[in-house]
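Peer 1: Residue numbers (the UniProt record's numbering): 1 to 105.
Don't be surprised by glycine CBs; every beta carbon is placed ideally from N, CA and C.
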Amino acid sequence: MQKLICEIDQRELVKGIKGRYFHTDSTTIGFVDIEKGAILPAHSHMHEQTTQVTEGKLEMTIDGITQILEPGTILLIPSNAVHSAVALTDCKVTDIFCPVREDYK
Numbered sequence: 001m002q003k004l005i006c007e008i009d010q011r012e013l014v015k016g017i018k019g020r021y022f023h024t025d026s027t028t029i030g031f032v033d034i035e036k037g038a039i040l041p042a043h044s045h046m047h048e049q050t051t052q053v054t055e056g057k058l059e060m061t062i063d064g065i066t067q068i069l070e071p072g073t074i075l076l077i078p079s080n081a082v083h084s085a086v087a088l089t090d091c092k093v094t095d096i097f098c099p100v101r102e103d104y105k
């Protein structure tokens, strides 16, 4: 039986960034709450990632290119691309990773 999102434990990735992660056979879906001013340090991973902002404004830099993401914006973070983010407001974001993020299980 699948869990409801409210039943999934929330984990803090870094100060001010907390997510709930749901795993399928091939993907990990993250429902992420980000506090205004929170910083996601520059990093990369082998997973292809899509990020969609559902609430708020998020400044994201991918391979040196900075964009402001707002509700309805969706973007692709290619495998191994260096990326970082700063929350300009409180945000809600949905991240999808392929393949599964074993480190988020």
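Quick check: the Cα distance between Phe31 and Asp9, rounded to an integer number of angstroms?
Peer 2: Between Phe31 and Asp9, the C-alpha separation is close to 11 Å.
Peer 1: By Cβ distance, which residues of its chain are closer than 8 Å to Thr94, with the 5 residues on each side in sequence left out?
Peer 2: The answer, listed in chain order, is Ile29, Gly30, Phe31, Val32, Thr51, Gln52 and Thr54.
Peer 1: For Thr61, which residues in the same chain have their Cβ closer than 7 Å to its Cβ, ignoring the five residues on either side in sequence?
Peer 2: Closer than 7 Å at the Cβ level, and outside the excluded window around Thr61, lie His83 and Ser84.
Peer 1: The beta strand (DSSP E) with Leu58 in it runs from where to where?
Peer 2: Its beta strand (DSSP E) spans residues Leu58 to Ile62.
Peer 1: Using only the alpha-carbon positions, how far apart do His23 and Thr89 sit?
Peer 2: His23 and Thr89: Cα-Cα distance of roughly 28 Å.
Peer 1: Classify Gln49: buried if its beta carbon has 16 or more other beta carbons within 10 angstroms, exposed otherwise.
Peer 2: Under this definition Gln49 is a buried residue.
Peer 1: Could you give the distance in angstroms between the alpha-carbon of His45 and the alpha-carbon of Pro99?
Peer 2: Computed Cα separation, rounded: 11 Å.
Peer 1: According to DSSP, Ala87 sits in a beta bridge with which residue or residues?
Peer 2: Partner(s): Leu58.
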